[in-house]
Structures are given as C-alpha cells and as structure tokens.
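So the number in our numbering is just where the residue sits in the sequence shown, counting from 1, plus 1250.
For each residue, glycine too, the CB sits at the ideal point set by N, CA and C.
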Amino acid sequence: MHCQKECRLSRPLERPVRCRSHSVEVHCAGIILKEGFFYRMSNKSIRGKIVNLQDYSVHDGYGIRTLVFMKGCPLGCPWCQNPESIKTAMEIKYSQHLCIECFKCREVCDQGAILEDRDKRIDLDRCNYCMRCVKTCPSGALSQVGATIAVEEIVKKLLSYKPFYDSSEKGGITLSGGEPTFQPEFALELLKECKEHGIHTAMETCGYTNFETLKWLVQFLDLLLYDLKHMDGRLHKEATGVSNELILENLKKLSAIPQIECVIRIPLIPGFNDDEENVRQTAEFVEGLNIKKLDLLPFNELPSGKYRTLGIDWVYKQVKRQDEMKLLQLKEIVEGCGLEATIGGLW
Ligand code: SF4
Ligand code: SF4
C-alpha cells in the first residue's frame, strides 16, 4: 500500500497509522506531502549507509564539527576526494603494509578474485563483494568500506561531543559524502534529530537532486554548503557525467528562501575549473543570487592513497595543489565580485 500520490518516499507501512502531530493517516515510514503540507513520522531507527564519522573537523562549517561521510553520489567526478563514498554499495579496502601473505583470503574466495600481486590483492572485475575474505583476513589488511548505522546511534555519539560543539562558535554536524541527498530519508531524520537536540546542522551538497528533496532538508539546516564545479554546461557534463542545469536551477530557487545561510564552494581542479574566467563567472552568478560567501577549495593530493587501497588507478595521482600565488589571485577575483572568500573553507 502506498500513501498519497504525492509521496516521494516509497516506503509503505504494513498498516497505516495516524500522525500524532497532524491527525492524518500516514501510509509510509518517511514523509508524505498532502494538500501542500509535509507530514512526517519520527523514525530514529532509520538506517543509512555511511563511510565514517570524522570528529574535530574545522573546515566544513563553523566551529568544531563531526562530519558524516555518506555513501553514494549521482556524479562521477574523476578528481573525487572521497572515492570510497562514490558507490552506494559496500567496498573493500586493501592495506598492503598490513598483509602477511597468509592467503587465507584465497581459501575462502569462490570467485577466484584473489591475486598473487602484493600491490593489488583483489581483482575487482571478479569480486562479488561477499566479504568472506574480509572476515577471514587475520591481519586487517582487508577491511570493509562502509557500514549501515541508525540515526539514533549517530545522535547518541553526537550528544557526547556536544560540549565541544558548544565551546566553539556554532560547532555541530556536517553531512557530506558522497552526496547526502542520495539518502534523503536518512539525512532528513538525522538533521531533524540534531535540531531537536540543539546541535548546529550543515550539509554539503552537489545540488544534483530534485528541488523538493532540498526543500525538505533545508527546513532542518542552519548552513548549506553548495558545490559549483563549472559554469560551462558542456564541460561540466563531460567531467562529472551530468549537466549543471539542475544544479544552477536548484541554487536559484534555494537562494529565494530567505532563512537559508548558503556558502558556495568551488573545488579547484587543475586544468578543469581553476582558470580566472570560470571563477569570475561563478562569483558573478553567485553574487547575482545575493549569496555572500564563496570558498575556494584547493586541489588535495592526499586521496591518492585512498584510491590505491581501493585498487583504483587515480588519473589525478600526479597532479599538484595550486600554488599560493594563484589561489590568492583567484580569491581577489571573488572578492572583486563583492563576495567574502576563503581559501580552504576555514572561517
Ligand atoms: S588474508 Fe589478509 S593477510 Fe592473508 S594474504 Fe589475504 S589480505 Fe593478506
Ligand atoms: S569479497 Fe568475496 S568474491 Fe570478493 S575477493 Fe573477497 S571472497 Fe572473493
């Protein structure tokens, strides 16, 4: 049984229940939209797929924050800084330095996917991710990337850090990824619970989702970090696999909602979008929407190791971070368009 035709979340309940807040019949476990109003059930036990929780972050929002790296993204950016969060499915990480070459992994693999090569232990084309080798590996050289976790488990942990968030100005939680809007029910429930417990909430998004999802989520957000990768639609599509049309359109609509604090972020990718023209065009577009802040995020070389452990040959492995002179020039361009700018998002 499904709820009203407007329902965006196909998670029907076995029997409809009555929403305590609104005295309406609810047919799904998430949210329904009826006659222009949102009705929702509290569902703290809802589980989401995450890569990890990272505490004491200071770059993705105000103060001290816990980052929730969620799994799954609709874009396929080849420079991705968090390759372990692109796929929704669980993955396997191989840490070569921990391998004692016992080959217990090979004994349990019925796909013939274990390789002799010390640099690369798993043939990903053969692997079906049954995780038997991970469970068998005695040294921890093989480990599972990703886990499911309930909203209430995360909130319990966050509450133990609340004194730290509160001691730093507007510290709290930031949903990142991957793409948080890829798991809208989980993201919504988590943000809502955080707000109910007085925890400052932020979310980083690529903006590639339907506007209704963003509209739901921003109800429970104090800060929105919105990525713009390129103003040229063709180049955007070539690199990420999707056009920037929906992303720009969603940003226009969001900027018309007065209570949202929005900061734009450009992940600066050498040879793709870190030229003066693209940065200027982006800043002018943002200024036209009356958004005040823009973060320039320099290219980060560190993910090279992450790609290696996932068995992926990263096309950007030889690429270096922009030099300080270039970053300062780009910052000046953004400021010249009337925006506040940071290099690296540290406010
Ligand atoms: S089971 Fe673990 S330690 Fe043994 S060979 Fe396989 S990856 Fe290496
Ligand atoms: S996850 Fe399963 S199929 Fe893949 S390498 Fe390990 S045992 Fe083999």
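Host beta strand (DSSP E) of residue i (start-end)
{"i": "V1569", "result": "Element bounds for V1569: n/a, residue is neither H nor E."}
{"i": "L1464", "result": "L1464 -> not in any beta strand (DSSP E); alpha helix (DSSP H) instead, spanning F1461 to V1468."}
{"i": "P1517", "result": "C1512 to P1517"}
{"i": "E1590", "result": "E1590 to I1593"}
{"i": "S1393", "result": "L1392 to V1395"}
{"i": "L1317", "result": "R1315 to M1320"}
Simplified DSSP state of residue i, which is helix, strand or coil
{"i": "N1302", "result": "strand"}
{"i": "E1357", "result": "helix"}
{"i": "S1345", "result": "coil"}
{"i": "G1286", "result": "No answer about G1286 holds up, because its pLDDT of 44 lies below 50 and its placement is not dependable."}
{"i": "Q1579", "result": "helix"}
{"i": "K1543", "result": "strand"}
{"i": "I1372", "result": "strand"}
{"i": "E1585", "result": "helix"}
{"i": "S1418", "result": "coil"}
{"i": "Q1531", "result": "helix"}
{"i": "V1401", "result": "helix"}
{"i": "I1423", "result": "strand"}
{"i": "I1350", "result": "coil"}
{"i": "S1307", "result": "strand"}
{"i": "L1596", "result": "coil"}
Segment limits, alpha helix (DSSP H) that includes residue i
{"i": "S1554", "result": "S1554 to T1559"}
{"i": "H1450", "result": "No alpha helix (DSSP H) holds H1450; the beta strand (DSSP E) holding it covers H1450 to T1455."}
{"i": "F1436", "result": "P1434 to E1446"}
{"i": "L1478", "result": "No alpha helix (DSSP H) contains L1478, which DSSP labels as neither H nor E."}
{"i": "V1384", "result": "R1382 to T1386"}
{"i": "I1497", "result": "E1495 to S1505"}
Residue i, buried or exposed, once every other Cβ within 10 Å from all chains shown has been counted against 16
{"i": "Q1433", "result": "buried"}
{"i": "A1489", "result": "buried"}
{"i": "E1590", "result": "exposed"}
{"i": "L1578", "result": "exposed"}
{"i": "G1286", "result": "Caution is warranted here: a pLDDT of 44 is assigned to G1286, below 50, making its placement in the model unreliable, and the coordinate value is therefore given only provisionally. By the neighbour-count rule (16 or more Cβ atoms within 10 Å), G1286 is not buried but exposed."}
{"i": "P1548", "result": "buried"}
{"i": "H1486", "result": "buried"}
{"i": "C1546", "result": "It should be pointed out that residue 1546 corresponds to Leu in this sequence rather than to Cys. The residue is buried, with at least 16 neighbouring Cβ atoms inside 10 Å."}
{"i": "T1398", "result": "exposed"}
{"i": "P1328", "result": "exposed"}
{"i": "Y1306", "result": "exposed"}
{"i": "R1616", "result": "Coverage of the chain is limited to positions 1251 through 1597, which leaves residue 1616 absent and any answer about it impossible."}
{"i": "K1255", "result": "Confidence at K1255 is low in this model, with a pLDDT of 38, below 50, so its placement is unreliable and the value that follows should be read with caution. K1255 should be labelled exposed."}
{"i": "C1444", "result": "buried"}
{"i": "K1567", "result": "exposed"}
{"i": "N1565", "result": "The displayed chain sequence assigns Val, not Asn, to residue 1565. Exposed, since its Cβ has fewer than 16 Cβ neighbours within 10 Å."}
{"i": "I1296", "result": "buried"}
{"i": "E1499", "result": "exposed"}
Spell out a yes or no on whether the region 1424–1436 and the region 1311–1331 are touching, meaning 3 or more CB-CB pairs, one atom from each, closer than 8 Å. With the cut-off at 8 Å, the region 1424–1436 and the region 1311–1331 touch.
Would you be able to state if there are at least three C-beta pairs under 8 Å between the region 1339–1351 and the region 1387–1406? Verdict: yes, contact present.
Quick check: the region 1478–1489 against the region 1549–1565, are there 3 or more CB pairs under 8 Å? Too few Cβ pairs lie closer than 8 Å, so no.
Are the region 1437–1446 and the region 1509–1521 touching, with three or more C-beta to C-beta distances below 8 Å? Cβ pair count under 8 Å is below three, so no.
Quick check: the region 1301–1321 against the region 1408–1422, are there 3 or more CB pairs under 8 Å? Output reads yes: the region 1408–1422 touches the region 1301–1321.
Counting pairs of beta carbons, one from the region 1404–1415 and one from the region 1447–1467, are three or more of them closer than 8 Å? With the rule of 3 Cβ pairs closer than 8 Å, the region 1404–1415 counts as touching the region 1447–1467.
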